[in-house]
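Peer 1: Chains as they are written, first to last, in full-length UniProt numbering: chain C, 1 to 281; chain X, 1 to 322.
Quick one: this structure, given as structure tokens, is what I'll be asking you about.
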């Protein structure tokens with residue numbers, strides 16, 4: 001164990017090699033456990049059979065053809081895209097505005113309001129679920145896009161995340177703009193927004209992924225089949241493909257595609273978002 | 001009534017704190033005037049967030065608390081019930097069972113998640129070629145909705161065609177009662193939950209390991225410490241704050257377990273996978289009592305808050321020791 005200081009170069013090199021091999025082996029095993037089931041899902045979706053079939057022979061895209069010509073399924077895709085996009089765009093807009101106010105403006109009750117916001121960051125959805133549902137039904141939001149979108153905009157996380165970045169913008173920049181005659185609107189649009197592209201992208205990606213995959217709320221709101229989002233449709237489906245597992249798997253694969261594309265395109269942001277969300281040291 | 005758990009991500013926030021960008025030494029009275037004076041310009045920036053937050057979080061939470069002291073239904077009208085709901089919740093044997101089920105789930109999923117994701121995070125922090133590919137593959141399950149994850153694992157354990165069931169029964173000769181035995185079902189739900197969260201938590205641990213000061217590691221190495229000693233004496237203590245964050249997140253998610261139950265077991269066999277959240281859902285939306293459901297969700301919140309509070313206060317006091 002203590003040979004490190006005295007080890008001759010070749011010995012150290014082989015030990016490095018062995019270590020790297022062990023790391024690779026472990027990483028391969030973990031990767032297999034994580035990604036293997038997803039591969040099997042894809043394989044199952046490529047079989048035109050009633051039961052799940054995991055063989056690599058006789059693959060066909062029949063399920064995909066059938067799904068993509070199915071009006072209800074297409075509607076679920078449209079709903080998911082529409083809801084997740086709207087929630088994302090509105091969240092970034094609303095939270096960015098609030099983040100600016102909390103970071104760079106001074107007004108009565110600012111700190112109190114912000115602390116209240118933060119205090120609810122970990123409030124589980126169950127603690128507000130019943131009243132939010134009652135409220136949504138009172139406001140006529142059941143089975144409507146508004147019900148799927150508007151309540152999802154309330155969370156405090158985005159404000160918290162963006163405020164951290166806005167605070168980091170030097171006041172001297174803003175003061176220079178103010179001397180040039182800019183008000184808060186001008187400073188926000190011309191200085192803060194361009195500087196916050198990165199954190200806004202992080203928030204956007206995270207909001208989109210979370211809302212694409214969210215289940216309980218749309219399950220409650222979407223009561224007719226044509227208002228369902230993909231996860232709700234897949235979980236509650238009782239007509240079209242209940243008897244056809246491989247068709248269900250094709251639906252599941254289609255629901256993963258946008259996430260996979262986002263992940264590949266914005267890998268760095270994903271990791272950045274994970275870190276911004278949990279550890280800020 | 002702020003849940004203690006709400007403080008979980010707070011250390012960073014508390015450290016930065018409010019205030020900051022000062023405008024310089026004005027008299028208190030004038031300053032107060034100025035602060036009030038900026039409320040006008042601030043309003044357009046705040047109005048959307050404050051309205052949404054107030055309507056869909058703050059007010060509903062207050063209303064949940066109010067509902068717990070009511071009886072009746074929203075249609076027939078609510079009347080004051082005092083602590084009746086709380087008494088009933090505490091006496092409800094099915095609620096007790098949901099808590100036991102949830103506790104069993106937590107006992108399995110929390111240590112499992114911490115140990116596995118910490119190990120994987122350590123793995124991901126090693127500097128080898130191709131790590132980016134491994135990282136992507138390990139993150140794959142985190143991209144799925146729980147619904148899809150549940151579907152996948154149901155297929156894998158299918159008695160007829162499931163590869164996992166074929167492996168355990170064919171190769172290992174074990175007849176695993178995946179979802180037909182209560183305890184096994186809960187353990188299995190824990191494993192699937194772990195699977196869905198490996199990517200996310202491992203990335204957290206990876207970042208923590210990457211942040212460990214290499215000078216410390218080198219110094220220890222010069223002092224003759226081996227790899228294992230460096231890990232247990234230096235790295236693990238240093239990543240403790242992240243472990244604590246993961247601990248709190250896993251705990252909170254565990255208490256909220258719902259999606260997987262919906263997709264995989266629907267509470268069964270019998271009531272063996274009735275989780276607290278599933279029971280709340282049944283009460284609120286499948287013809288139960290809405291005030292009762294609210295009371296259960298509040299009791300649940302209190303339990304979570306206490307557990308999370310213990311985790312957090314322990315991490316605080318340990319941090320103070322340093």
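Heads up, the beta-carbon is just placed ideally off N, CA and C, and yes, glycines get one too.
Quick caveat, the model's predicted, so the values are computed rather than measured.
Give the range of the beta strand (DSSP E) segment to which residue 244 of chain X is assigned.
Peer 2: No beta strand (DSSP E) holds residue 244 of chain X; the alpha helix (DSSP H) holding it covers 240 to 255.
Peer 1: Using three-state DSSP, classify residue 102 of chain C as helix, strand or coil.
Peer 2: In this structure, residue 102 of chain C counts as helix in the three-state DSSP scheme.
Peer 1: Contact between the stretch 146 to 153 of chain X and the stretch 256 to 266 of chain X is defined here as three or more beta-carbon pairs at a separation below 8 Å; is this criterion met?
Peer 2: yes
Peer 1: Inspect the beta-carbon positions of residue 34 of chain C and residue 177 of chain X and report whether they are closer than 8 Å.
Peer 2: no
Peer 1: For residue 138 of chain C and residue 117 of chain C, what's the separation of their Cα atoms in angstroms?
Peer 2: 25 Å
Peer 1: Since residue 80 of chain X is in the beta strand (DSSP E), which residue starts that stretch and which ends it?
Peer 2: 77 to 80
Peer 1: How long is the line joining the alpha carbons of residue 68 of chain C and residue 151 of chain X, rounded to whole angstroms?
Peer 2: 20 Å
Peer 1: Is any beta-carbon of chain X found at less than 8 Å from that of residue 100 of chain C?
Peer 2: yes
Peer 1: Using CA atoms only, rank isn't needed, just tell me which of C:257, C:204 and C:269 is closest to residue 89 of chain C.
Peer 2: C:204
Peer 1: Starting from residue 40 of chain X, trace the alpha helix (DSSP H) both ways and give me its first and last residue.
Peer 2: 39 to 53
Peer 1: Checking 8 Å against the spacing of the C-beta atoms, do residue 260 of chain C and residue 148 of chain C come in under that value?
Peer 2: no
Peer 1: Taking Cβ-Cβ distances shorter than 9 Å, what residues in chain C pair up with residue 84 of chain X?
Peer 2: Residues of chain C passing the Cβ test: none, with the nearest at roughly 17 Å.
Peer 1: The beta strand (DSSP E) with residue 70 of chain X in it runs from where to where?
Peer 2: 70 to 73
Peer 1: With respect to the alpha helix (DSSP H) encompassing residue 153 of chain X, which residues constitute its N-terminal and C-terminal limits?
Peer 2: Its alpha helix (DSSP H) spans residues 146 to 156.
Peer 1: Could you work out which residues of chain C lie near residue 277 of chain X, taking near to mean beta carbons separated by less than 8 Å?
Peer 2: 126
Peer 1: With a threshold of 8 Å between beta-carbons, can residue 107 of chain C be considered close to chain X, or not?
Peer 2: yes
Peer 1: By alpha-carbon positions, which one of X:135, X:189 and X:63 ends up nearest to residue 204 of chain X?
Peer 2: Residue X:135 is the option with its Cα nearest to residue 204 of chain X.
Peer 1: Once DSSP output is grouped into helix, strand and coil, what is the label at residue 228 of chain X?
Peer 2: helix
Peer 1: Closer than 9 Å between beta carbons: that is the criterion. Which residues of the stretch 203 to 222 of chain C meet it against chain X?
Peer 2: 209, 212, 213, 214, 215, 216, 219 and 220
Peer 1: Between which residues of its own chain and residue 113 of chain X is the CB-CB distance below 6 Å, once the five residues before and five after are set aside?
Peer 2: 194 and 250
Peer 1: Taking CB distances under 8 Å as the criterion, tell me whether residue 77 of chain C reaches chain X.
Peer 2: So, not an interface residue.
Peer 1: Which residues in chain X sit within 8 Å of residue 81 of chain C, going by Cβ to Cβ distance?
Peer 2: Taking a Cβ-Cβ threshold of 8 Å, none of the residues of chain X is close to residue 81 of chain C; the smallest such distance is about 14 Å.
Peer 1: To which residues of the same chain is residue 282 of chain X closer than 7 Å at the C-beta, ignoring the five residues directly before and after it?
Peer 2: 288
Peer 1: Here's the rule I'm using: 16 or more other beta-carbon atoms within 10 Å means buried, otherwise exposed. How should residue 291 of chain X be labelled?
Peer 2: buried
Peer 1: Using a Cβ cut-off of 7 Å, pull out every chain X residue sitting near residue 35 of chain C, in sequence order please.
Peer 2: 137 and 140
Peer 1: Quick one, which of C:251, C:47 and C:129 has its alpha-carbon nearest residue 294 of chain X's?
Peer 2: C:129
Peer 1: On the CB-based measure, 16 or more other CB atoms within 10 Å of its CB, does residue 130 of chain X come out buried or exposed?
Peer 2: exposed
Peer 1: Give a yes or no on whether the minimum CB-CB distance between residue 165 of chain X and chain C is below 8 Å.
Peer 2: no
Peer 1: Using a C-beta cutoff of 8 Å, does residue 60 of chain X count as contacting chain C?
Peer 2: yes
Peer 1: So is residue 184 of chain C buried or exposed if we call it buried at 16+ other beta carbons inside 10 Å?
Peer 2: Buried, since its Cβ has 16 or more Cβ neighbours within 10 Å.
Peer 1: Near residue 68 of chain X, what residues of its chain come up, given a Cβ to Cβ distance below 6 Å and the 5 sequence neighbours on each side ignored?
Peer 2: Only 85, 294, 295 and 298 meet the Cβ criterion.
Peer 1: Compare the C-beta of residue 68 of chain C with all C-beta atoms of chain X and state if any pair is closer than 8 Å.
Peer 2: no
Peer 1: Below 8 Å between beta carbons is the criterion; list the residues of the stretch 154 to 179 of chain X that meet it against any residue of chain C, in chain order.
Peer 2: 155, 156, 158, 160, 161, 162 and 163
Peer 1: Could you round the C-beta distance between residue 99 of chain C and residue 163 of chain C to whole angstroms and report it? I think they count as a contact, below 8 Å.
Peer 2: 4 Å
Peer 1: Near residue 227 of chain X, which residues of its chain fall below 6 Å by C-beta distance, leaving aside the five closest residues on each side in sequence?
Peer 2: none
Peer 1: Rounded to the nearest angstrom, what separates residue 133 of chain C and residue 80 of chain C at their Cα positions?
Peer 2: C-alpha separation (whole angstroms): 20 Å.
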